[in-house]
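Numbering (mature numbering (1 follows the signal peptide of the UniProt record, and there is no 0)), first residue to last: -23 to -1, 1 to 92. No residue lacks a Cβ here, since even glycine has one placed at the ideal position from N, Cα and C. Following: one structure in structure tokens, then a few remarks.
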């Protein structure tokens, strides 16, 4: 019986360690939208390590996408509607369009506005 309990404990420990490792190798890219007329927006980021695009969709004022660790470029971002005379603006949490998602930098935020 003691041997069975030890085996079950080891299997559970292995499962927990594997799950924790998978969670620690991802981060988030967030899109925050400010708008004057139509809600929502989209952003696209490109993982330069894996040549993969990730699309973030904000239905109203917020959208987020879980992404793997790596180096990224912000390809595009905007609100759903921003016609003249309104002004379109995109900024980021770091002030740059290039960013890294890793254990030191687990998130990156894109701010799109139309005012």
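Beta-carbon within less than 6 Å of residue i's beta-carbon, same chain only, minus the 5 sequence neighbours each way: which residues are those?
i: residue 66; result: 90
i: residue -3; result: With a pLDDT of 47 at residue -3, under the threshold of 50, the modelled position of that residue is not reliable, and the figure given next carries that caveat. Excluding positions up to five away in sequence, the list is empty.
Go ahead and pull the three-state DSSP assignment for residue i.
i: residue 33; result: strand
i: residue 91; result: strand
i: residue 80; result: coil
i: residue -3; result: Confidence is the limiting factor: at residue -3 the pLDDT is only 47, short of 50, which leaves the residue's position unreliable, though a coordinate-based value still follows. Helix.
Considering only the beta carbon of each residue, do residue i and residue j sit closer than 7 Å?
i: residue 48; j: residue 21; result: no
i: residue 63; j: residue 13; result: yes
i: residue 50; j: residue 5; result: no
Do you know offhand how far residue i's Cα is from residue j's?
i: residue 39; j: residue 54; result: 13 Å
i: residue 57; j: residue 19; result: 7 Å
i: residue 29; j: residue 59; result: 28 Å
i: residue 73; j: residue 81; result: 17 Å
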